Every structure is written in structure tokens, then in C-alpha cells.
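Asker:
There are 2 protein chains.
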Amino acid sequence: MNAVTIKDVALAAGVSPATASRVLSGNPATSPAARTRVEAAARELHFLPNAQARSLRSTKTDSIALLISDVRNPYFSDLAHAVEQHARAAGLMTFMGNANESTEQQDEFLATVLSRRVDGMIVVPQGLSEQDGNATEMLRRVVDSGIPMVFVDRTLADIQVPRVIARSREALEEAIAELKSHGHERIAFIGGPKHASTAMERHQAFDAAIAANGLVTAPELHFAGDFRFASGAQGARWFLENPLAPTAVIIADAPMAIGALSVWRERGLNIGTDFSVVSFDEVDALLLHNPPIATISHDLELMGRAAVQALLAVMKNESVAPVELLSTFTPRPSVGPAPDKDVHSEGMPRA
Amino acid sequence: MNAVTIKDVALAAGVSPATASRVLSGNPATSPAARTRVEAAARELHFLPNAQARSLRSTKTDSIALLISDVRNPYFSDLAHAVEQHARAAGLMTFMGNANESTEQQDEFLATVLSRRVDGMIVVPQGLSEQDGNATEMLRRVVDSGIPMVFVDRTLADIQVPRVIARSREALEEAIAELKSHGHERIAFIGGPKHASTAMERHQAFDAAIAANGLVTAPELHFAGDFRFASGAQGARWFLENPLAPTAVIIADAPMAIGALSVWRERGLNIGTDFSVVSFDEVDALLLHNPPIATISHDLELMGRAAVQALLAVMKNESVAPVELLSTFTPRPSVGPAPDKDVHSEGMPRA
DNA sequence: CTTATCTATGAAATCGATTCCATGGAATCG
DNA sequence: CGATTCCATGGAATCGATTTCATAGATAAG
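Chains as they are written, first to last, in numbering that gives the first Met the number 0: chain A, 0 to 350; chain B, 0 to 350.
Written as C-alpha cells, this is what we have:
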């Protein structure tokens, strides 16, 4: 492999490995003479330090791990990109892992990364700590190991770690007020999986906003998806067949929204006319859709930056206050007047 | 941190560290008695081996690195997901890095990963080796270091490494034949950046197919983008203002296609009527678009699997033949009859 | 019953860096 | 000028595992 070790460099430079090490790691206790010769030798030999040996001794790695829930969800890839760029600016390499919405894969990544050592971790956590203790056991162990860690986007109720999350309450209020002003009274909600705190937060905020606006509140208006395409498609069918005949729907993330829209398009329905749609997350497919979909979105660049800042603070042993970012509601033509008749009886072209 | 070392486990189990190590790494030269006691002690103490120490000695890490060009491009996140799942199935952890279409970030990741040791690397390489030697110098050094490596999706002409790539020639032939059958004669091409081999391959295949079909061939029909949203938007304007008044356009990747479509939509143009569009990559936004966009797509699950298989073979010192996957053309309503009059004169609503 | 073979084990070397400690020589001080 | 501090340096210990090597004890072979 890379046969060049620091001994080779030291030999070539005519100094001891200790001195070579000092020069290469910027220790000031080195003479200019030694410095130039070691540097020349290192360059000459293409010396690349063995990070394992280095951090085995020094316990520093200049790298962090980032665990996201789903690489293929643009929400998370945007977040990942932001985290990576800001970490890079702080001199930290980012190792990305994909939990794939599974606690097993989350645990595997955590264990690997913990045993390979990183200086800190930014985690979008999964799991239902309350009901299913061992779903988050590994995570708790990692936290207990003392490695600097922050949660981003999602949290776990019973694991206390600095966090950067989004608050959708206000934006949902706006969205629902907007729907109400268009005459909608029965609004459905296609939500996310219980293991994601964001799903719970959005669901509760939805209920609160519905109640505050005096609109119809019923468990039948809530569909439990899993934040992925297929469950959005299911939700779309559920919506069409809903006995309460809702005239609008709010969807808790983009992949589900896309799944739903693809079903509705197939059935020839007209969004904004037959019924109204608001989705979380602002992604190309929703903006390019005809009509464009009203969204509740997050500034992921900001979220990524805040997460990195929080982690850097934790790494410096500073105390970090939780960060709550506000979501933004953007009205678009996917919200239109509530149809006179139910979309479910004759208003619907072919269902 | 994780204060529990193998010595603690050995002590607790009443054996030497050597025996503990043998038990924990599955060495058969261990007595059942020792085995049970060490295993119990390890479980008891929540022992997590220090991967750095382990692989410092053993030079095995059970992990690979995956370098992609752009996390936010769904094409690559799909590929990443496939690679990750198949690597996982083979017992390998994947560390993902994002080159962000920049050779600098590519080099940083390569250096970090090389110095932290991984057992192999799957790389979507960037850079123009022919013209700009040092753009790929680091990559060459990594290859020379002897670490098992395969290229996926893209290649570099002068670095010989097993590869898994896609061939678009046939699919482009089909696409262009389809366009021709609809009466299109002047077809434009919005291509990718020179540093990506896929951009070159698609461009050449386009030229070949155009020539084979006896259609208009002219440098003015080619726009050089960079595989990203903004350059697609530029390309869209370039297309509308093109003096040769092309009636159809093929776009070399999805982010550019989305950028272009958003411009055209803003101007109120009707795809499939005013002019026809074919895009590479099959992503939600293109399928949900109205009308759906005809695409030339790749089986990324297959590509990811092939890449992992190739890497595993290289790691076992087997020789690996290059893999070429065929792209698939899927006609959709974004391809329609060529307009009688130029879209560029009066056919165009408001430009 | 003796010798040869095998098995499980521990002590010690090893991987490649960093860091503690001791030291010789230069610089500073009284 | 002698005593003291400072500086750069090399030798050796260290990080936490794996692996080599030697050995005691058990087993098989003659």
C-alpha cells in the first residue's frame, strides 16, 4: 500500500521520527533547518500520514459523521450538502451515512463510526424511545460514550442532546388559514411515521391549527404514511375514498406528495380545482408541477449551518441552546376554492 | 470516551488479551470455555473494539468509500443508495463523500479516506486528465497506492481502473429516430461539462445519431452546460434564441432539464407542441411534469450492484472486465410533431 | 511407556504515528 | 566567568488491537 511511513521521512531528512512528527504536525519546537528538510522529504516521498496510527495516539481525527434518514429524499440530501460544506469550512471532513429510515442501519452506522472514531456526530435520529427501548439503545450508548453529538431535524424525547429543529406550527397556521379563506372546512392530513419526531410535530401542529380555526377535526382525516413515495400514493387513494369527503389535504413531506400527485394525475384530477393541496418541503417536482404546489418549507442551508455551529460548540465544551427554525408557508395555485360539490361524488372526472 | 478495551474484557474473563482477541475475531484456536466467558464479558462491559487499533495491525477495515459527484443530484443519490445496500449485504460499511463537481473536494476526500484506510473505493471520477494533469494527480496517486478501486458512471481516459459505465448510443439513436419520425430535423443538445466522461460520451453519441439519421448537424446546436439547474435555465434561453430555430432538444441530465423546464414554463411554452424535449435521467419531476418528459434512463440499482460486485472482485485480486450497461429510451408526450412554423417566430406565445 | 503431534494459551512484538522525558548545547543572567 | 534557563532533539513509551512465537498440557502413535 502506502509504504511510506514517518520513519522513511525522518530517515530521508536525517532526523528522528519524533522531530519529523513535530514538523509535520506543526509543533513550534522545531528548527527552521529541520522544518525545511522534513517538509522537503515528505513532499518528495509523497508521505501521507496514517490517520489510524495518528488518532490512535492523539484521539483527534478532524472528521465528523453525519447520519441522515434517507439519501434519496431531497430534503436530506440538501441538508447533507449544507452540513458538508460548513464542516469543510471548519476544517472537518464529513463521513455520511444513510439510515434508510431503519433503526438497524442507523445502529450499524453508529457503531462503525464510533469504533472508527470521529470528533463529533450530527444525527437525524430515528426510533421510538418511549415504547421500544432497544430501538434507541445504541444511540443512547453512543451518547453516553461522551462523543460530541447534536440532533438535527428530528429529536428523541428522552435523549438529551443539543438540537437544531424546525417548528412548523406558525406556517401550518398560515396554510390552514389560507385554505379556510378559500372555503375549505374538511382538511385531511397525510402524515409521517411515528418513529420520526418531525412527523409527530407536524401532526400536532396540524391538529392545533385546525382546532384554532374551528374546522372539522376527526381521526378519519388523518392518514399515517411513512415519508416515502409509495405511502403517498396510498394516501392519495385513501383521500379520494374518504367518507368525510375532505376538500383539501396537507402532506407531510415531498416524497409522499410526489407519490400522491402521481396517483391523482393518473386519475385525471385537477389540483387546485377538484381539491387543494399543500405539501411540506420545497422540491423541484412540486414547483414544476402544474399547477405549482403550495409548500411549507425549511431553509436547509441554514439548518445545516446551525447544526455544524452547534456541534463545534459542543466540541469546545460550550453549552448550546436548542435551535428552532421557523418553517415558511408559500401559497401557490395548488390551493384554490373549495368545490361546491364533493370531489367524491360527481365533481371527480373519473375515479 | 469508550474506556473499555480488550484488556478490560480479558481481565474480566480471566484470560489474556491474546485469547480475548482470538475469541472476538472468531479465531478457531479457542476453547469453548474461554469463548463463552470472553463473550459474556464483552457483552457485559459493552465492549466496542477500537477499529483504528484493529486495522492498524490487521490492515483490514471492512469498509469502503464511495465518492459521488453531487449528493443533490437524484441520479447520484439513487446510485449511492444502491451501492450502500449492496455493500452492506457484503458486510461492508460505506463511507460516502461528495465531490460537489469539484476536483478539489474530490482530492480532499480521497486523501482523507486513503489515510484513514478503507478496503476499497468506488469512485465517480472527475477531471480532465488529458489537458490538466494535476486535476487527476491525486486520483492517480491513490490508484498507485494499490487500493482496490473501481470507477462507476464516469471514467478517466488515462487511468486504467475497472469500470461500470452506461452506454447511451443506442438509446440516443432511438430517441432521435423517434424525433425524426415526428418531423424534427433541427435538434439541439444541452450537454454537460468537459470534466465528466458521461458528458463527452453523450455528446458524441448524439452527434453520431444525428449524422446516422441525416439530420442537421451544426456546432450552433450544441450548448455546453455543467449538469446543474442554473445551466439548464441558461440552456433553455439559448435554445429559444437559437438562430437555427431547432424544434427539439435533448438535455444531458435531470437537474439541467428541470432548470430548462422551469424557464419554459415561466414563458408559457407548451412542451410537446411548441417544441419537443427528451431528457436524460428519470426523476420524479420529469415524470410528474405536464406533459411527462421522454427520458433516456439508467438502471441505477443495477449500476450500483455491478460496481460493488466489481469492487469485491478487485479486492479478491480477480481480474474484472469493464461493464457497459445500456441506457433505455422511454418515449412520452413531451415528444410531439415538429411545429409547422418556427417556435421562434410567431408560434411562441411570449418569449 | 516413551515419543511425537496437536491444542489452547500467554508473553511479547508489531502496526505507525504522537508525546513524555532526558540531554547536550546555546543563550541569558548575575 | 559560572550558573541558569531555554530550545531543539532523540530515545523510548504509548495508544489498542492483532499476530507471532514459545510452551505447557493433552492426546495419539509407536
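Positions of the beta carbon are idealized from the N, C-alpha and C atoms, including for glycine.
This one's a predicted model, so the numbers in the text were calculated from it and none came from an experiment.
State yes or no: is the C-beta of LEU243(A) nearer than 7 Å to some heavy atom of the ligand GDP?
Answerer: What this structure holds is no ligand at all, so the ligand GDP is not there to describe.
Asker: Examine chain A for any beta-carbon lying closer than 8 Å to the beta-carbon of PHE205(B), and answer yes or no.
Answerer: The residue you call residue 205(B) lines up with position 206 of the second sequence. No, no contact with chain A.
Asker: Kindly list, in the order they appear in chain A, the residues whose Cβ is closer than 8 Å to that of PRO147(B).
Answerer: Working through the second sequence from its first residue, we reach residue 147(B) at position 148. Within 8 Å Cβ-Cβ: nothing; PRO147(B) doesn't reach chain A, min ~11 Å.
Asker: Looking at the secondary structure, which residues open and close the alpha helix (DSSP H) in which PHE205(B) lies?
Answerer: As a first step, residue 205(B) is located in the second sequence; it is residue number 206 there, counting from the start. Where PHE205(B) is concerned, the enclosing alpha helix (DSSP H) stretches over 196 to 211.
Asker: Taking all protein chains shown into account, decide if GLU323(B) is buried (16 or more other Cβ within 10 angstroms of its Cβ) or exposed.
Answerer: Along the second sequence, read from residue 1 onward, the residue named residue 323(B) stands at position 324. So GLU323(B) ends up on the exposed side.
Asker: Looking only at its own chain, which residues have a Cβ that is under 8 Å from the Cβ of PRO291(A), when we skip the five neighbours before and after it?
Answerer: As a first step, residue 291(A) is located in the first sequence; it is residue number 292 there, counting from the start. Around PRO291(A): LEU285, ARG331, PRO332, SER333.
Asker: Nearest CA to the CA of ARG116(A): which residue from LEU171(A), PRO192(A), GLY145(A), SER15(A)?
Answerer: Start at 1 with the first residue of the first sequence, and residue 116(A) comes out as number 117. Per the Cα distances, GLY145(A).
Asker: Which residues in chain A have a C-beta closer than 9 Å to the C-beta of HIS288(B)? List them in chain order.
Answerer: Indexing the second sequence from 1 puts residue 288(B) at position 289. Those within 9 Å of HIS288(B) in chain A are ALA284, LEU287, HIS288, ASN289.
Asker: Please state the DSSP three-state secondary structure of ARG168(A).
Answerer: In the first sequence, the residue the question calls residue 168(A) occupies position 169. ARG168(A): helix per DSSP, three-state reduction.
Asker: On a CA-only basis, which of PHE226(B), GLY224(B), GLN233(B), ALA174(B) is nearest ALA211(B)? Give me that one, please.
Answerer: Your numbering for residue 211(B) matches position 212 in the second sequence. Checking every option, the nearest Cα to that of ALA211(B) belongs to ALA174(B).
Asker: Determine, for VAL215(A), whether the minimum Cβ-Cβ distance to residues of chain B falls below 8 Å.
Answerer: As a first step, residue 215(A) is located in the first sequence; it is residue number 216 there, counting from the start. Not an interface residue.
Asker: Is the number of C-beta pairs between the stretch 306 to 322 of chain A and the stretch 3 to 13 of chain B that are closer than 8 Å three or more?
Answerer: no
Asker: Find the residues of chain A that neighbour THR111(B), judging by a C-beta separation of less than 8 Å, and give them in chain order.
Answerer: The count along the second sequence starts at 1 and reaches residue 111(B) at position 112. Chain A residues near THR111(B): ALA50, SER62, MET92.
Asker: Is there a C-beta anywhere in chain B that falls below 8 Å from the one on ILE257(A)?
Answerer: Counted from its first residue, the first sequence places residue 257(A) at position 258. At least one chain B Cβ lies under 8 Å of ILE257(A).
Asker: Just to confirm, are GLU33(A) and VAL22(A) a CB contact at a threshold of 8 Å?
Answerer: Counted from its first residue, the first sequence places residue 33(A) at position 34. Counted from its first residue, the first sequence places residue 22(A) at position 23. According to the sequence shown, residue 33(A) is Ala rather than Glu. Yes; because the gap between Cβ atoms is below 8 Å, this pair is in contact.
Asker: If we cut at 8 Å on Cβ distances, does GLU265(B) have a partner in chain A?
Answerer: Position 266 of the second sequence, counted from the first residue, corresponds to residue 265(B). So, not an interface residue.
Asker: Which runs of the alpha helix (DSSP H) spanning at least 4 residues fall entirely within the stretch 52 to 86 of chain A, listed in chain order?
Answerer: The qualifying runs do not exist here; there are none.
Asker: From HIS343(B) to GLY267(B), what distance separates their C-alpha atoms?
Answerer: Sequence index remark: in the second sequence, residue 343(B) carries index 344 (1-based). Sequence index remark: in the second sequence, residue 267(B) carries index 268 (1-based). Interpretation of HIS343(B) is limited by its pLDDT of 46, a score under 50 that renders its predicted location unreliable; the figure taken from the coordinates is listed afterwards. Distance between the alpha carbons of HIS343(B) and GLY267(B): 13 Å.
Asker: Between the Cα of THR18(A) and those of ALA2(A), ARG36(A), VAL3(A), spot the shortest distance and give me the residue it belongs to.
Answerer: To locate residue 18(A), count along the first sequence from 1; it is residue 19. For THR18(A), the nearest C-alpha among the options comes from ARG36(A).
Asker: List, from N- to C-terminal side, the beta strand (DSSP E) runs of 3 residues or more that fit wholly inside the stretch 228 to 285 of chain A.
Answerer: 247 to 250, 275 to 279
Asker: Between the beta-carbon of ALA232(A) and the beta-carbon of VAL276(A), is there less than 8 Å?
Answerer: If you number the first sequence from 1, residue 232(A) lands on position 233. If you number the first sequence from 1, residue 276(A) lands on position 277. No. Outside cutoff.
Asker: Going by other Cβ atoms of all chains shown within 10 Å of its Cβ, with 16 needed for buried, is PRO348(B) buried or exposed?
Answerer: Start at 1 with the first residue of the second sequence, and residue 348(B) comes out as number 349. Here PRO348(B) scores only 45 on pLDDT, less than 50, and its place in the model is too uncertain to base an answer on.
Asker: Buried or exposed for LEU243(A), going by 16 or more other Cβ atoms inside 10 Å?
Answerer: Along the first sequence, read from residue 1 onward, the residue named residue 243(A) stands at position 244. Around the beta carbon of LEU243(A), fewer than 16 other beta carbons sit within 10 angstroms, so the residue counts as exposed.
Asker: Expressed to the nearest angstrom, what Euclidean distance is found between the alpha-carbon atoms of PHE205(B) and GLU281(B)?
Answerer: Here residue 205(B) is taken as the residue at index 206 of the second sequence, counted from 1. Here residue 281(B) is taken as the residue at index 282 of the second sequence, counted from 1. Approximately 18 Å, taken between the alpha carbons.
Asker: List, in order along the chain, the chain A residues whose C-beta lies closer than 7 Å to that of LEU301(B)?
Answerer: On the second sequence, residue 301(B) is found 302 positions in, with the first residue counted as 1. Correct list: empty, because the minimum Cβ distance to chain A is about 16 Å.
Asker: Work out the CA separation of ILE295(B) and ARG373(A) for me, nearest whole Å.
Answerer: With chain A represented from 0 up to 350, any question about residue 373(A) goes unanswered, as that position is not in the structure.
Asker: For chain B, check one thing: does any of its Cβ atoms lie closer than 8 Å to the Cβ of ARG349(A)?
Answerer: Taking the first residue of the first sequence as 1, we reach residue 349(A) at position 350. With a pLDDT of only 40 at ARG349(A), under 50, the local geometry of the prediction cannot be trusted, and the value read off the model is given with reservation. Not closer than 8 Å to any Cβ of chain B, the Cβ of ARG349(A) fails to qualify, so no.
Asker: Buried or exposed: where does ARG56(B) fall if 16 or more other Cβ atoms within 10 Å of its Cβ makes it buried?
Answerer: Numbered from 1 along the second sequence, position 57 holds the residue referred to as residue 56(B). That one is exposed.
Asker: In chain order, what residues of the same chain have a beta carbon less than 7 Å from the beta carbon of THR135(A), not counting five sequence neighbours either side?
Answerer: On the first sequence, position 136 is the one that residue 135(A) refers to. Same-chain partners within the cutoff: GLY126, SER128, LEU155, ILE158.
Asker: Are the Cβ atoms of ARG236(B) and PRO254(B) separated by less than 8 Å?
Answerer: Here residue 236(B) corresponds to residue number 237 of the second sequence, with the count starting at 1. Here residue 254(B) corresponds to residue number 255 of the second sequence, with the count starting at 1. ARG236(B) places its beta carbon 8 Å or farther from that of PRO254(B).
Asker: Count the other CB atoms within 10 Å of the CB of ARG42(B); is the residue buried (16 or more) or exposed (fewer)?
Answerer: Within the second sequence, residue 42(B) is the residue found at index 43, counting from 1. With fewer than 16 Cβ atoms within 10 Å of its Cβ, ARG42(B) is classed as exposed.
Asker: Quick one: Cα of LEU109(B) to Cα of GLU300(A), how far?
Answerer: Stepping through the second sequence from its first residue, residue 109(B) is reached at position 110. Stepping through the first sequence from its first residue, residue 300(A) is reached at position 301. Rounded to whole angstroms, LEU109(B) to GLU300(A) spans 25 Å at the Cα level.
Asker: Under three-state DSSP, which class holds GLU103(B)?
Answerer: Taking the second sequence and counting its residues from 1, the one referred to as residue 103(B) is at position 104. DSSP places GLU103(B) in helix when its eight states are reduced to three.
Asker: Less than 8 Å between the beta carbons of ILE209(A) and VAL248(A), yes or no?
Answerer: The count along the first sequence starts at 1 and reaches residue 209(A) at position 210. The count along the first sequence starts at 1 and reaches residue 248(A) at position 249. Contact: no.
Asker: Kindly identify the DSSP beta-bridge partner or partners of GLY120(B).
Answerer: As a position in the second sequence, residue 120(B) is number 121, starting the count at 1. Checking the sequence, you will find Met at residue 120(B) rather than Gly. Partner(s): ALA64(B), MET148(B).
Asker: With C-beta atoms as the reference, is ALA50(A) less than 8 Å away from THR60(A)?
Answerer: As a first step, residue 50(A) is located in the first sequence; it is residue number 51 there, counting from the start. As a first step, residue 60(A) is located in the first sequence; it is residue number 61 there, counting from the start. Their beta carbons are under 8 Å apart, which means ALA50(A) touches THR60(A) by this criterion.
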